[in-house]
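Everything in the sequence shown is counted per the UniProt record's numbering, starting at 1 for the first residue and increasing by one. Note that beta-carbon positions come from the ideal geometry of N, C-alpha and C, so glycine has one too. As the structure is a computational prediction, the values presented were derived from the model and not from experiment.
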Amino acid sequence: MAVRAEVRTAFVLGGGGVLGASEVGMLRALAEADIRPDLVVGTSIGAINGVFVAHDPAGAAERLAEVWRSQVVRTAFAGSLFTRLNTLARSGTHIHANAPLRRLIEDELPARDFADLAVPFQCVAACVERAAAHWFGEGELVPAVLASAAVPGLLPPVRIGDEHFFDGGLVHSIPVGRAVQLGATRIYVLHVGRIEQPLRPPRRPWEVGLVSFEIARRHRFVEEMATLPKGVHAHVLPAGFAEPESSTNGDRPGGDQPGGDQPGGDRTNGGVQAEANGRSPARVPTGRLATRRAASGANRSGELSQWRYKDFGRVDRQIDRAYEATSRYLAEHHLAEHGR
1 MAVRAEVRTA FVLGGGGVLG ASEVGMLRAL AEADIRPDLV VGTSIGAING VFVAHDPAGA
61 AERLAEVWRS QVVRTAFAGS LFTRLNTLAR SGTHIHANAP LRRLIEDELP ARDFADLAVP
121 FQCVAACVER AAAHWFGEGE LVPAVLASAA VPGLLPPVRI GDEHFFDGGL VHSIPVGRAV
181 QLGATRIYVL HVGRIEQPLR PPRRPWEVGL VSFEIARRHR FVEEMATLPK GVHAHVLPAG
241 FAEPESSTNG DRPGGDQPGG DQPGGDRTNG GVQAEANGRS PARVPTGRLA TRRAASGANR
301 SGELSQWRYK DFGRVDRQID RAYEATSRYL AEHHLAEHGR
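What follows is the structure in structure tokens.
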């Protein structure tokens, strides 16, 4: 589907596996504020969430919440340890087949072609043969989304034509630059919350790989946010990971935190408002709770909980937390008043 010339507002959805439930909470807040996209760009789990948004911008948040909270989404990575080891032994490259994920998308999404979507949508995958990013924006929808979400080691590469594709997060973890290329002037960045947690030098052998991978994921996003063209405004919505579990005492996360102003624009409840001013959002505000955890060592960069790809037990909390944080961010920046 060709991108319309009047495109202004873009939703950019990043990758992050099961943590992608946070994006559902952000979408709910955006829907309640009557903020709708003219363009949707996604990678990995953000491609899956994003294609639902492009199909039905008004109803996607509610539908995605139902899917994420149901048993259906868990079937994509079902199987005992024996089953996974057996799959790995037979394939030599991955521990899950992608057939369950394909069925999930086909069963829950009525659209079959990019042309069937209500809003222009693009997703990215990493081409193995060309060692390059490949953007999908026309033709069959399901293979493209599968390719964008084909996490190496977990799922097999997806063959489309004569080429094979792995997860888009390898080349664009949060593809803000693509939205800019397609003409967006107002960008809402939906992410899984990792960028709200500052990296720290590794202290254990397994942390070396995790920290290195996270640097590789984040650096392009940081650079693209720091070099936004004039006239482009980007809102990095908060996932709420940096906030206390409960804010019933009126103590709003994001205000009066140690460290003063940080690069990246106005700070509100963990979110970041950035304009074409050459400033980098490399350090996203982390809130009081994250500060305390960092001091106690409970929130170290090598914490493995965020890498548990089958941990769906926190889906409700992730959705609700991101919804609450994003709702506050939109209200404090008066974005709901402007809608689209």
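Candidates the options: closest to residue i by CA position
i           : options                       : result
GLU196      : ALA322, VAL315, PHE52, PRO37  : ALA322
ILE105      : VAL151, ARG186, ARG218, ASN49 : ASN49
TRP68       : ALA58, HIS96, ILE95, LEU101   : LEU101
ASP167      : GLY46, VAL40, HIS334, GLU224  : GLY46
VAL158      : ASN98, GLU324, VAL53, LEU13   : ASN98
residue 360 : HIS334, ARG203, PHE11, GLY15  : Since the first residue shown for the chain is 1 and the last is 340, residue 360 is missing from the structure and cannot be characterised.
ASP113      : ARG90, PRO143, HIS134, ALA133 : PRO143
GLU66       : ALA184, ARG186, ARG28         : ARG28
GLU140      : GLN71, PRO110, SER70          : PRO110
SER44       : GLU108, MET26, HIS134, ALA33  : HIS134
ALA10       : ASP56, PRO202, ARG186, HIS55  : ARG186
Range covered by the alpha helix (DSSP H) that runs through residue i
i      : result
GLU196 : Careful: GLU196 lies outside any alpha helix (DSSP H) and carries neither H nor E.
LEU13  : Where LEU13 is concerned, there is no enclosing alpha helix (DSSP H), although the beta strand (DSSP E) it sits in stretches over 9 to 13.
ALA29  : 21 to 32
LEU104 : 99 to 108
VAL180 : 176 to 181
ALA58  : Run containing ALA58: none; DSSP gives neither H nor E here.
Residue i - DSSP class collapsed to helix/strand/coil
i      : result
PRO229 : coil
HIS334 : coil
GLY42  : strand
VAL236 : strand
LEU141 : helix
ARG159 : strand
ILE187 : strand
PHE241 : coil
Where residue i falls, given that 16 or more other Cβ within 10 Å makes a residue buried
i           : result
GLN122      : buried
VAL171      : buried
ILE174      : buried
residue 345 : There is simply no residue 345 to check, as the chain begins at 1 and stops at 340 in what is shown.
GLN318      : buried
VAL51       : buried
GLY231      : exposed
SER212      : exposed
Start and end residues, beta strand (DSSP E) containing residue i
i           : result
residue 346 : The requested residue 346 does not occur in the structure, where the chain is confined to residues 1 to 340.
ALA132      : 132 to 136
VAL124      : 121 to 127
Rounded Cβ spacing between residue i and residue j (contact assumed at less than 8 Å)
i      : j      : result
PRO156 : ALA147 : The pair is not a contact, with the Cβ atoms about 11 Å apart (cut-off 8 Å).
VAL315 : ALA31  : Going by Cβ atoms, the distance from VAL315 to ALA31 rounds to 18 Å, so no, they are not a contact pair.
ALA61  : VAL18  : Not a contact, Cβ separation roughly 18 Å.
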